[in-house]
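Reading through the structure tokens given below for one structure.
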Amino acid sequence: MSNVPADLKYARSHEWVRELADGTVEVGISDHAQHALGDLVFVEVPAPGRELQQGDACAVVESVKAASDVYAPIAGTVIAVNDALAKTPELINQDPYGAGWILRLRPSGAAAAAQLLNADSYAAVAEAG
Amino acid sequence: MPFIPHTAADVQEMLATIGAPDIEALFDEIPAELRIGALEGVPAGLNELEVMQLMQARARQDGRPLNFIGAGAYEHHIPAAVWSIVSRGEFYSAYTPYQAEASQGTLQTIYEYQSMITALTGMAVANASLYDAATAVAEACLMAVRAHRKSASARILMPAAVHPHYRAVTQASTGGQGLELRAIAYDAASGRTAVEALAASAGQDITALVIQQPNFFGVLEDVDALTDWAHAHGALVIAVVNPISLALLEAPGRWGQRGADIVVGDGQPLGCPLSSGGPYFGFMATRMELVRQMPGRIVGRTVDLDGRPGFTLTLQAREQHIRRGKATSNICTNQGLLMVAGTIYLSLMGAAGLERVAEACMSRTAELVAALTRLPGVRTALSGARFHEAVLCLDRPVAPVLEALAARGIEGGYDLTGHYPELGPALLVCATECRSAADIAAYAAALQDVLGAARGARAAGAKP
Amino acid sequence: MNLPLCEPLIFDYGRSGRGAHGQWPAAEAAPPPVPARLRRKSRAALPEVSELDVVRHYTRLSQLNFSIDTHFYPLGSCTMKYNPRACNAAAMLPEFLGRHPLASPRHSQGFLACMYELQEMLMNLTGMRGVALTPMAGAHGEFAGVAMIRAYHRARGDLVRNEIIVPTAAHGTNPATATMCGCVAREVGVGPDGDVDLEALRAAVGPKTAGIMLTNPSTLGVFERRIAEVARIVHESGGLLYYDGANLNAILGKVRPGDMGFDVIHMNLHKTFSTPHGGGGPGAGAVGVGPRLLPFLPLPVVARSAAGEGPGYRWLTEADLPQSIGRLTGFNGNAGVLLRAYVYMRMLGREGMGRVGEYATLNSNYLMARLRQVGFVPAYAQRRASHEFILTLKSLAQQQGVTAMDVAKRLLDFGFHAPTTYFPLLVPECLLIEPTETESKETLDAFAAAMAEILREAASEPETLRTAPHRMPVRRLDDVRAARELDLARRPDSA
Numbered sequence: 010m011s012n013v014p015a016d017l018k019y020a021r022s023h024e025w026v027r028e029l030a031d032g033t034v035e036v037g038i039s040d041h042a043q044h045a046l047g048d049l050v051f052v053e054v055p056a057p058g059r060e061l062q063q064g065d066a067c068a069v070v071e072s073v074k075a076a077s078d079v080y081a082p083i084a085g086t087v088i089a090v091n092d093a094l095a096k097t098p099e100l101i102n103q104d105p106y107g108a109g110w111i112l113r114l115r116p117s118g119a120a121a122a123a124q125l126l127n128a129d130s131y132a133a134v135a136e137a138g
Numbered sequence: 400m401p402f403i404p405h406t407a408a409d410v411q412e413m414l415a416t417i418g419a420p421d422i423e424a425l426f427d428e429i430p431a432e433l434r435i436g437a438l439e440g441v442p443a444g445l446n447e448l449e450v451m452q453l454m455q456a457r458a459r460q461d462g463r464p465l466n467f468i469g470a471g472a473y474e475h476h477i478p479a480a481v482w483s484i485v486s487r488g489e490f491y492s493a494y495t496p497y498q499a500e501a502s503q504g505t506l507q508t509i510y511e512y513q514s515m516i517t518a519l520t521g522m523a524v525a526n527a528s529l530y531d532a533a534t535a536v537a538e539a540c541l542m543a544v545r546a547h548r549k550s551a552s553a554r555i556l557m558p559a560a561v562h563p564h565y566r567a568v569t570q571a572s573t574g575g576q577g578l579e580l581r582a583i584a585y586d587a588a589s590g591r592t593a594v595e596a597l598a599a600s601a602g603q604d605i606t607a608l609v610i611q612q613p614n615f616f617g618v619l620e621d622v623d624a625l626t627d628w629a630h631a632h633g634a635l636v637i638a639v640v641n642p643i644s645l646a647l648l649e650a651p652g653r654w655g656q657r658g659a660d661i662v663v664g665d666g667q668p669l670g671c672p673l674s675s676g677g678p679y680f681g682f683m684a685t686r687m688e689l690v691r692q693m694p695g696r697i698v699g700r701t702v703d704l705d706g707r708p709g710f711t712l713t714l715q716a717r718e719q720h721i722r723r724g725k726a727t728s729n730i731c732t733n734q735g736l737l738m739v740a741g742t743i744y745l746s747l748m749g750a751a752g753l754e755r756v757a758e759a760c761m762s763r764t765a766e767l768v769a770a771l772t773r774l775p776g777v778r779t780a781l782s783g784a785r786f787h788e789a790v791l792c793l794d795r796p797v798a799p800v801l802e803a804l805a806a807r808g809i810e811g812g813y814d815l816t817g818h819y820p821e822l823g824p825a826l827l828v829c830a831t832e833c834r835s836a837a838d839i840a841a842y843a844a845a846l847q848d849v850l851g852a853a854r855g856a857r858a859a860g861a862k863p
Numbered sequence: 237m238n239l240p241l242c243e244p245l246i247f248d249y250g251r252s253g254r255g256a257h258g259q260w261p262a263a264e265a266a267p268p269p270v271p272a273r274l275r276r277k278s279r280a281a282l283p284e285v286s287e288l289d290v291v292r293h294y295t296r297l298s299q300l301n302f303s304i305d306t307h308f309y310p311l312g313s314c315t316m317k318y319n320p321r322a323c324n325a326a327a328m329l330p331e332f333l334g335r336h337p338l339a340s341p342r343h344s345q346g347f348l349a350c351m352y353e354l355q356e357m358l359m360n361l362t363g364m365r366g367v368a369l370t371p372m373a374g375a376h377g378e379f380a381g382v383a384m385i386r387a388y389h390r391a392r393g394d395l396v397r398n399e400i401i402v403p404t405a406a407h408g409t410n411p412a413t414a415t416m417c418g419c420v421a422r423e424v425g426v427g428p429d430g431d432v433d434l435e436a437l438r439a440a441v442g443p444k445t446a447g448i449m450l451t452n453p454s455t456l457g458v459f460e461r462r463i464a465e466v467a468r469i470v471h472e473s474g475g476l477l478y479y480d481g482a483n484l485n486a487i488l489g490k491v492r493p494g495d496m497g498f499d500v501i502h503m504n505l506h507k508t509f510s511t512p513h514g515g516g517g518p519g520a521g522a523v524g525v526g527p528r529l530l531p532f533l534p535l536p537v538v539a540r541s542a543a544g545e546g547p548g549y550r551w552l553t554e555a556d557l558p559q560s561i562g563r564l565t566g567f568n569g570n571a572g573v574l575l576r577a578y579v580y581m582r583m584l585g586r587e588g589m590g591r592v593g594e595y596a597t598l599n600s601n602y603l604m605a606r607l608r609q610v611g612f613v614p615a616y617a618q619r620r621a622s623h624e625f626i627l628t629l630k631s632l633a634q635q636q637g638v639t640a641m642d643v644a645k646r647l648l649d650f651g652f653h654a655p656t657t658y659f660p661l662l663v664p665e666c667l668l669i670e671p672t673e674t675e676s677k678e679t680l681d682a683f684a685a686a687m688a689e690i691l692r693e694a695a696s697e698p699e700t701l702r703t704a705p706h707r708m709p710v711r712r713l714d715d716v717r718a719a720r721e722l723d724l725a726r727r728p729d730s731a
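Protein chains in written order, with this note's numbering: chain A, 10 to 138; chain B, 400 to 863; chain C, 237 to 731.
Written as structure tokens, this is what we have:
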């Protein structure tokens, strides 16, 4: 049974979204996803300033057995990336919702966040998958 | 039945265990209309004695002419120890080292090979081989397009002095992915690719420049100036090099201010016989920052559960069996056994031995050129400094001359008229350390004979 | 205390000034000058070792390997059959070995006769109309095949067709190849019995369909029974059929891909035709085509001149095949591999070739039956095995916490190379097992006995499996560390 914090929103493709006080959002991958991937060995992050549409492949998380795309859960502009992942990709395994955050976006449309799943709905998706 | 060990008793016992009446029953899921009867167009089998007699007869047909052709495949002495070891069943019949604990021999050999290629080329990391130089150039172009963040054009500058087969293969292999290969002319007098020839592309979005050293004509390019031009104009540099020449020539990792970005070439000169065209192996090396864009297998050193060091395939997530549609390449099988031969060859020769080979090749080619150009009607064509090949121009069409030499047991060189008609009747000749003074004298005498005979015919009024 | 490598690096045998001097050409009295600015400034850090050092080192390394010559290698989809030594001896006859690829036609007729006859035999075995020998591996052959399909549609003026349908069970090279050809891979599922889902296929084909890539028997180890229907559906939509020949060993001499409706195929000569795997290569991925794709064959191809018109055999060029997809190799592909395949086929002949499919299938069905007896679960128990079959270890994984990888590693301790693991991706915790026709009943029985022992260990001492192997030169290797702390080449300044 994986950890699914109630205060976050989720995409079907296993990304989580945390709304920050300043209107920006933080994005990472869920506990279910990091567990499925196994020990991460490398994370490729997007360049700050990049414009993303919802669903765009914006990062790659690589383990020994898989290299998976991370998809932008909402449209926006990349304003920050987690530089610590370059040296310590295992932060995503250890703390996927905290120190393992991947990027921060400035959303380009308010309505987008509404399409995301709440914790219970995502938990059902993770269980089934 | 060759290679099938089953006796009739074995078959009966096995069918009983399966619960089938005969072997035919095992094919009962296949629709009857698809089943073929007798195989047509396939001759009856031969035993080993018969097949060896057949092959020996075919081999005798081709004979052993004296070879002066280079053009991307070079005759070098291969120490007997190389193929003695490579032919061991443990190397010859081993599989890809996916089960690392059962493959430490292959994996450590690959690690040592990667170390030697990085040392020779002056780069940080190498892969475990690609098919050959031609496909390696194509892969390097695709890699440059993937790796170059700031270039969107997928435009590659491809000098005409790059091997015509490498250019053709790159075109055939990359056309489907939208790459543009832009031809760059060579200087007609020297045979070099001048920086001035690149000038027309300045100010445009160029993804990469390919530099072959020595180039297809055997001429030495001004690699520092070309490398610096490319980097100054935002392009990556793909170096295509001859590994024997690297004993004497500067490593591409140290070309210009920043060094080449991707290095490829054919490993054939390192312990691989000419063998009618293959198998050879392509090598590729790059900077550490680009390692995840590099196709092919890579071996890394690690430790086991006890902390004992060992080797394993790594960075496999880039490869086809994991990344599938988004893989760096579809390459799966590579040229592993030839890479082992190359590693053993480099171990035996070392840097000092390689220097001797390179110097001997340069000297023999210089002597060959001197001997042949003493004949009327034979002159050198390009003035640039050369490694171990030279372009010669004749006073008549090349093809009949080469055929007449072949009839005398000499493969005189490669006819350039098809690929480079602007050179006139030209051929590319090569003499390696395997060609003795007597061999060169024999060529010169035969050529004199061929040219003189025709001249005699002309003098008698026959049209050339 | 740090444990050492089983066998030191070749560099560690070195001493400055040491070398295999007997291999070096004599020094040149007056070496020709290299322009100073182009000269290498410092020697490459290559080994400085004696010839005996080299021979001992690489011989010892070879002894750390498993190989067909030493071990049973039931790797599904790889066809690890015996590599006859006559093939090696014939291919290495001095005249073939010393021949330059660009040699004159006068000195090429013997070699070209072998190549031409190889083309003809492969054509007749597979029911195709033309063959090109030069792709240098299966994946390279796939590239040629998909490129020919694209060229065919473009030549008809149909530029929209860029989708390649690929079953979800397909080998990773298939979608990777589609991408390399500028196409999009579109996946179609397989049904519970292992055949392609025809409903899903009908929904997936249309005006954008360039073709479908199929293996038959499929990667699930079973024959695609409705292949005629699959062919009809795809052809009617305007697409072509591509055959991935990885599993040709199952049907050699029994069924021909051309008869199944395939327009283009690649063959893995290093699988079906027993050329050596060499620790990763070289292979050869010859392609065969039906009449529609003949004009697009990659160059070069061997042709036989009509009687009285020049030398018997010659290479065709761009002038002969103006619509060719082009040259895919520097010279003529892996010629030495092609010669080995030719010799193998001449030794088997028509009767021997016919036996390959029979005995590969017999061995596979027998081994599947024995492993069932011993307690393993085939994934498609209700189907006939082709030349390979899948075991699913899912319940073992769930109940004992022992994975397919653990079983694979423990098999090494018993002296067997593991079967293919985790492919196809569709079957979780699977082993794909292909014995090939060259293995005896005793070998198969010994393998079944080892697997039975492993099943017992899974119940009584699962930790033994989870930490296997125990009797190999190294224990299980840390591949996470290998990927995180990249050590990909020896640094000359390090120990």
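Yeah, the Cβ is synthetic: ideal placement off N, Cα and C, and Gly gets one too.
Secondary structure of G109 (chain A), DSSP reduced to three states: As a first step, residue 109 (chain A) must be located in the first sequence, where it is residue number 100. In the structure shown, G109 (chain A) falls within a coil segment according to DSSP collapsed to helix, strand and coil.
Tell me whether A493 (chain B) is buried or exposed, calling it buried when 16 or more other Cβ atoms sit within 10 Å of its Cβ. Translated into positions along the second sequence, residue 493 (chain B) becomes position 94. A493 (chain B) should be labelled buried.
Among C:L584, C:E624, C:A339 and C:G346, the one whose alpha carbon lies nearest that of G444 (chain B): For the purposes of this step, residue 444 (chain B) is taken as residue 45 along the second sequence, with counting starting at 1. Out of C:L584, C:E624, C:A339 and C:G346, the CA that lies nearest to the CA of G444 (chain B) is found in C:L584.
Counting only beta-carbon atoms, is E24 (chain A) nearer than 9 angstroms to chain B? In the first sequence, counting from the first residue as 1, residue 24 (chain A) sits at position 15. Output row for E24 (chain A): interface = no.
Using alpha carbons as the reference points, say which of C:R276, C:S541 and C:V270 lies closest to Y549 (chain C). By 1-based counting over the third sequence, the position of residue 549 (chain C) is 313. Comparing alpha-carbon positions, the option among C:R276, C:S541 and C:V270 lying closest to Y549 (chain C) turns out to be C:S541.
Can you list, in chain order, the residues of its chain whose CB lies under 7 angstroms from that of P709 (chain C), leaving out five sequence neighbours each side? As a first step, residue 709 (chain C) is located in the third sequence; it is residue number 473 there, counting from the start. Excluding sequence neighbours, P709 (chain C) sits near C242 and L300.
Segment limits, alpha helix (DSSP H) that includes D78 (chain A): Along the first sequence, one-based indexing puts residue 78 (chain A) at 69. Unbroken run through D78 (chain A) is the beta strand (DSSP E), A76 to Y80; no alpha helix (DSSP H).
DSSP-derived helix/strand/coil call for G812 (chain B): Locating residue 812 (chain B) in the second sequence gives position 413, counting from the first residue. Reduced to three states, the DSSP call for G812 (chain B) is coil.
Given this structure, state the Cα-to-Cα distance separating R342 (chain C) from R275 (chain C), to the nearest angstrom. By 1-based counting over the third sequence, the position of residue 342 (chain C) is 106. By 1-based counting over the third sequence, the position of residue 275 (chain C) is 39. About 40 angstroms.
Counting along the chain, where does the beta strand (DSSP E) carrying I448 (chain C) start and finish? Position 212 of the third sequence, counted from the start, is the residue given in the question as residue 448 (chain C). Unbroken beta strand (DSSP E) run through I448 (chain C): T445 to L450.
Any C-beta of chain A under 9 angstroms from that of A499 (chain B): Residue 499 (chain B) sits at position 100 when you count from the first residue of the second sequence. With 9 angstroms as the cut-off, A499 (chain B) does not count as an interface residue toward chain A.
What does a CB cutoff of less than 6 angstroms around S22 (chain A) pick up in its chain, not counting 5 residues either side in sequence? Reading the first sequence from its first residue, position 13 is the one you call residue 22 (chain A). Excluding positions up to five away in sequence, the list reads Y80.
Closest residue to V90 (chain A) among A:P55, A:A135 and A:N127 (Cα-Cα distance): Looking up residue 90 (chain A) in the first sequence gives position 81. When A:P55, A:A135 and A:N127 are compared, the shortest CA-CA separation from V90 (chain A) is found for A:P55.
In angstroms, rounded to a whole number, what distance separates the CA positions of P728 (chain C) and T713 (chain B)? Position 492 of the third sequence holds residue 728 (chain C). Position 314 of the second sequence holds residue 713 (chain B). About 22 angstroms.
For chain A, find out if any of its Cβ atoms is closer than 9 angstroms to the Cβ of Q715 (chain B); answer yes or no. Taking the first residue of the second sequence as 1, we reach residue 715 (chain B) at position 316. Judged by the 9 angstroms Cβ criterion, Q715 (chain B) is in contact with chain A.
For H513 (chain C) and P371 (chain C), believed in contact at Cβ under 8 angstroms, the rounded distance: The residue labelled residue 371 (chain C) in the question sits at position 135 within the third sequence. The residue labelled residue 513 (chain C) in the question sits at position 277 within the third sequence. The pair is not a contact, with the Cβ atoms about 17 angstroms apart (cut-off 8 angstroms).
Run down chain B in chain order and give the residues with a C-beta less than 8 angstroms from the C-beta of L260 (chain C). Within the third sequence, residue 260 (chain C) is the residue found at index 24, counting from 1. A small correction: the amino acid at residue 260 (chain C) is Trp; Leu does not occupy that position in the sequence shown. In chain order: M748, A751, G752, R755 and V756.
Within 10 angstroms of the Cβ of V420 (chain C), are there 16 or more other Cβ atoms? Answer buried if so, exposed if not. Taking the third sequence and counting its residues from 1, one reaches residue 420 (chain C) at position 184. Looking at its Cβ environment, which holds fewer than 16 other Cβ atoms inside 10 Å, V420 (chain C) is exposed.
Could you name the residues of the same chain whose beta carbon sits closer than 6 angstroms to that of R741 (chain B), not counting the 5 residues immediately before and after it, in chain order? Reading the second sequence from its first residue, position 342 is the one you call residue 741 (chain B). Strictly speaking, residue 741 (chain B) in this sequence is Gly, with Arg absent from that position. Once the five neighbours on either side are set aside, the close Cβ partners of G741 (chain B) are G666, L669 and G670.
DSSP three-state call for Y744 (chain B): helix, strand or coil? Against the second sequence, residue 744 (chain B) aligns to sequence position 345. It is helical.
Minimum Cβ-Cβ distance from G73 (chain A) to chain C less than 9 angstroms: Looking up residue 73 (chain A) in the first sequence gives position 64. Position check: residue 73 (chain A) holds Val in this sequence, whereas Gly was assumed. Taking Cβ atoms only, chain C reaches closer than 9 angstroms to V73 (chain A), which makes this a yes.
Any contact of the stretch 524-537 of chain B with the stretch 547-556 of chain B, i.e. 3+ C-beta pairs under 8 angstroms? Look at the beta carbons and you see the stretch 524-537 of chain B not touching the stretch 547-556 of chain B: under three pairs across the two are nearer than 8 angstroms.
Scan the stretch 701-716 of chain C for residues whose Cβ lies nearer than 7 angstroms to a Cβ of chain A and list them as they occur along the chain. Hits within the stretch, in order: D715 and V716.
Between C:G253, C:H506, C:N599 and C:E460, which has its C-alpha nearest G497 (chain C)'s C-alpha? Numbered from 1 along the third sequence, position 261 holds the residue referred to as residue 497 (chain C). The candidate whose alpha carbon is nearest that of G497 (chain C) is C:E460.
Answer with yes or no whether the minimum CB distance from A719 (chain C) to chain A is below 9 angstroms. As a position in the third sequence, residue 719 (chain C) is number 483, starting the count at 1. Look at A719 (chain C): its C-beta is under 9 angstroms from a C-beta on chain A.
Of the choices C:T508, C:L603 and C:A577, whose alpha-carbon is the least far from that of T679 (chain C)? Numbered from its first residue, the third sequence carries residue 679 (chain C) at position 443. Among C:T508, C:L603 and C:A577, the Cα nearest to that of T679 (chain C) is on C:L603.
Helix, strand or coil at C829 (chain B) according to DSSP, with G and I counted as helix: Sequence index remark: in the second sequence, residue 829 (chain B) carries index 430 (1-based). The three-state secondary structure of C829 (chain B), taken from DSSP, is strand.
To which residues of the same chain is L17 (chain A) closer than 8 angstroms at the C-beta, ignoring the five residues directly before and after it? Looking up residue 17 (chain A) in the first sequence gives position 8. The answer, listed in chain order, is W25, V26, R27, Y106 and A128.
Cutoff 9 angstroms: E99 (chain A) Cβ touching any chain C Cβ: For the purposes of this step, residue 99 (chain A) is identified with residue 90 of the first sequence, where counting begins at 1. Flagged as an interface residue toward chain C: E99 (chain A), by a C-beta distance shorter than 9 angstroms.
So, I661 (chain B) versus V690 (chain B), is the Cβ gap smaller than 9 angstroms? Within the second sequence, the letter at position 262 stands for residue 661 (chain B). Within the second sequence, the letter at position 291 stands for residue 690 (chain B). For the 9 angstroms CB-CB criterion, I661 (chain B) and V690 (chain B) do not form a contact.
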